[in-house]
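Visitor: Residue numbers (my numbering), protein chains in the order written: chain R, 1 to 177; chain Y, 1 to 130. Quick one: structure below, then a few questions.
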């Protein structure tokens, strides 16, 4: 019998995606263990990885990292194809679309904070709309929207500031090398 | 790292996005947290087909439930139970209902009243979770 070795050649990009996805998944798992004051509100720390990857390596990589995080994160938490997963995926896709559109604007007017706020709001809105159409078809659900959007604005702003700091710090370190 | 330092890192578009989102969110509180009056009510009972009644026409309805007849009154855009063959009379205590999305029911008699606006499609389920 003949055996064949399957060899997968990876390039630099693949390794970047794998590394960042692993980081995002770890944060996703840690964050899911944190108790949340109100259902639906969490800091969204895993999305900071997406934002960082977007700013440093572009939208295509960010897309890969974010979708891998949602998929692998759900497999590890056991929520694959559950409502939680649908909401997570809807949020990730919406924020990726918004990030893609704003990132490719000529002149790159947005910094990390603007991008982060837009992504957070898109994430939250998409989740509520998905929840409405799939799970709770009652207009009272939209009564939650103002509160959740407020939380998204706060976490989006803080997340953007954090990513900004991380990028600055990283640039400082590379200069010293 | 002071607040001034942080804000000086914001680009013009970042500030614009922040302020625009903030004003949008403040508006959303007013928009989503106001209660709109309902225009009709759906009365459901296991004994008969669900009944859609307009809240603009003052009328008294006698609905056959699991235990007996419940009397439901519609007056000036509001609806309430006025009598029901149940023990605790929670449905009557609940009083007038008039806002879109409100729900009142007499559980022992298995009659529910759901308030809604026009152009609302009926849902097959209330919520899904697992």
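Glycine included, C-beta positions come from ideal geometry on N, C-alpha and C.
According to DSSP, which residues form a beta bridge with residue 106/Y?
Guide: Taking the first residue of the second chain as 1, we reach residue 106/Y at position 106. Answer is 111/Y, bridged to residue 106/Y.
Visitor: Cβ closer than 7 Å: which chain R residues qualify as neighbours of residue 28/Y?
Guide: Against the second chain, residue 28/Y aligns to sequence position 28. In chain order: 145, 146, 149.
Visitor: Since residue 130/R and residue 86/R are thought to touch, with beta carbons under 8 Å apart, how far apart are those beta carbons, to the nearest angstrom?
Guide: One-based indexing of the first chain puts residue 130/R at position 130. One-based indexing of the first chain puts residue 86/R at position 86. Sure, about 6 Å apart at Cβ, within 8 Å.
Visitor: For the ligand ZN, any of its heavy atoms closer than 7 Å to the Cβ of residue 87/R?
Guide: With respect to the ligand ZN, the structure offers nothing, as it holds no ligand at all.
Visitor: Per DSSP, what kind of secondary structure is residue 86/R in: helix, strand or coil?
Guide: What you label residue 86/R is simply residue 86 of the first chain in a count that begins at 1. If DSSP states are grouped into helix, strand and coil, residue 86/R belongs with the helices.
Visitor: Which residues bound the alpha helix (DSSP H) around residue 133/R?
Guide: On the first chain, position 133 is the one that residue 133/R refers to. Residue 133/R -> alpha helix (DSSP H) spans 112-134.
Visitor: Thinking just about the alpha-carbon of each residue, which of 41/R, 122/R, 17/R is nearest to the one in residue 60/R?
Guide: One-based indexing of the first chain puts residue 60/R at position 60. Nearest option by C-alpha distance: 17/R.
Visitor: Mind reading off the beta-carbon distance from residue 224/R to residue 44/R? Whole number of angstroms is fine, and I expect it under 8 Å.
Guide: One cannot answer for residue 224/R here, as it falls past the ends of chain R, which runs 1 to 177.
Visitor: Could you tell me the boundaries of the beta strand (DSSP E) in which residue 47/R lies?
Guide: Taking the first chain and counting its residues from 1, one reaches residue 47/R at position 47. Unbroken run through residue 47/R is the alpha helix (DSSP H), 46-57; no beta strand (DSSP E).
Visitor: Between residue 8/Y and chain R, is the shortest Cβ-Cβ distance under 8 Å, so that the two count as touching?
Guide: As a first step, residue 8/Y must be located in the second chain, where it is residue number 8. No, its Cβ sits nowhere closer than 8 Å to a Cβ of chain R.
Visitor: For the alpha helix (DSSP H) holding residue 79/Y, just list the boundary residues, first then last.
Guide: The residue given as residue 79/Y occupies position 79 in the second chain. Note, residue 79/Y: premise wrong, no alpha helix (DSSP H); beta strand (DSSP E) at 78-83.
Visitor: With a threshold of 8 Å between beta-carbons, can residue 95/Y be considered close to chain R, or not?
Guide: As a first step, residue 95/Y must be located in the second chain, where it is residue number 95. Output row for residue 95/Y: interface = no.
Visitor: Let me know the secondary structure DSSP gives residue 41/Y once reduced to three states.
Guide: Along the second chain, read from residue 1 onward, the residue named residue 41/Y stands at position 41. Three-state result, residue 41/Y: strand.
Visitor: State the Cα-Cα distance for the pair residue 108/Y and residue 83/R, rounded to the nearest angstrom.
Guide: Translated into the one-based positions of the second chain, residue 108/Y becomes position 108. Translated into the one-based positions of the first chain, residue 83/R becomes position 83. Straight-line Cα distance between these residues: approximately 33 Å.
Visitor: Compare the C-beta of residue 22/Y against all C-beta atoms of chain R and say whether one is closer than 8 Å.
Guide: Position 22 of the second chain, counting from 1, holds the residue named residue 22/Y. Judged by the 8 Å Cβ criterion, residue 22/Y is in contact with chain R.
Visitor: Answer yes or no: do residue 69/R and residue 24/R have a C-beta to C-beta separation smaller than 8 Å?
Guide: Start at 1 with the first residue of the first chain, and residue 69/R comes out as number 69. Start at 1 with the first residue of the first chain, and residue 24/R comes out as number 24. Yes, the pair counts as a contact, with Cβ atoms nearer than the cut-off.
Visitor: Return the residue from the list 147/R, 77/R, 48/R that minimises the CA-CA distance to residue 157/R.
Guide: Taking the first residue of the first chain as 1, we reach residue 157/R at position 157. Residue 157/R has its Cα closest to that of 48/R, out of 147/R, 77/R, 48/R.
Visitor: How would you label residue 12/R, buried or exposed, when you count the other beta carbons within 10 angstroms and need 16 or more for buried?
Guide: Along the first chain, one-based indexing puts residue 12/R at 12. Classification for residue 12/R: exposed.
Visitor: Would you kindly work out how many angstroms separate the C-alpha atoms of residue 100/Y and residue 126/R, rounded to a whole number?
Guide: Locating residue 100/Y in the second chain gives position 100, counting from the first residue. Locating residue 126/R in the first chain gives position 126, counting from the first residue. Rounded to the nearest angstrom, the two C-alpha atoms are 24 Å apart.
Visitor: Note down, in chain order, all residues in the segment 108-123 of chain R with a beta-carbon under 7 Å from any beta-carbon belonging to chain Y.
Guide: Of all residues in the segment 108-123 of chain R, 109, 110, 111, 113, 114, 117, 118, 121 have a Cβ within less than 7 Å of some Cβ in chain Y.
Visitor: To the nearest angstrom, how far is it from the Cα of residue 81/R to the Cα of residue 89/R?
Guide: Looking up residue 81/R in the first chain gives position 81. Looking up residue 89/R in the first chain gives position 89. Looking at the two C-alpha atoms, the distance is approximately 10 Å.
Visitor: Under a three-way DSSP split, which group does residue 31/R fall into?
Guide: By 1-based counting over the first chain, the position of residue 31/R is 31. Residue 31/R falls in the helix class under three-state DSSP.
Visitor: Name the chain R residues that come within less than 8 Å of residue 44/Y, Cβ to Cβ?
Guide: Here residue 44/Y refers to the residue found at position 44 of the second chain. Residues of chain R passing the Cβ test: none, with the nearest at roughly 15 Å.
Visitor: Assuming residue 64/R contacts residue 111/R under a Cβ cut-off of 8 Å, what Cβ separation, rounded to an integer in Å, is found between them?
Guide: For the purposes of this step, residue 64/R is taken as residue 64 along the first chain, with counting starting at 1. For the purposes of this step, residue 111/R is taken as residue 111 along the first chain, with counting starting at 1. Residue 64/R to residue 111/R, Cβ: 23 Å. No contact.
Visitor: I'd like to know whether the C-beta atoms of residue 55/Y and residue 71/Y end up nearer to each other than 8 Å.
Guide: Your numbering for residue 55/Y matches position 55 in the second chain. Your numbering for residue 71/Y matches position 71 in the second chain. Not in contact: residue 55/Y and residue 71/Y (Cβ atoms no closer than 8 Å).
Visitor: Would you mind sorting residue 116/Y into buried or exposed? The rule is 16 or more other CB atoms within 10 Å of its CB.
Guide: Locating residue 116/Y in the second chain gives position 116, where the first residue counts as 1. Answer is buried; the Cβ neighbour count reaches 16.
Visitor: Checking contacts by CB at 8 Å: is residue 127/Y closer than that to chain R?
Guide: As a working note, residue 127/Y is residue 127 in the second chain. Taking Cβ atoms only, chain R reaches closer than 8 Å to residue 127/Y, which makes this a yes.
Visitor: Measure the Cβ-Cβ separation of residue 95/Y and residue 80/Y and say whether it is below 8 Å.
Guide: Against the second chain, residue 95/Y aligns to sequence position 95. Against the second chain, residue 80/Y aligns to sequence position 80. Yes, the pair counts as a contact, with Cβ atoms nearer than the cut-off.
Visitor: Which chain Y residues sit within Cβ distance under 8 Å of residue 138/R?
Guide: To locate residue 138/R, count along the first chain from 1; it is residue 138. Per Cβ cutoff of 8 Å: 101, 123, 126, 127.
Visitor: Can you tell me whether residue 10/Y is buried or exposed? The criterion is at least 16 other CB atoms within 10 Å of its CB, across all chains shown.
Guide: Looking up residue 10/Y in the second chain gives position 10. Counting Cβ neighbours within 10 Å, residue 10/Y comes out buried, since at least 16 surround it.
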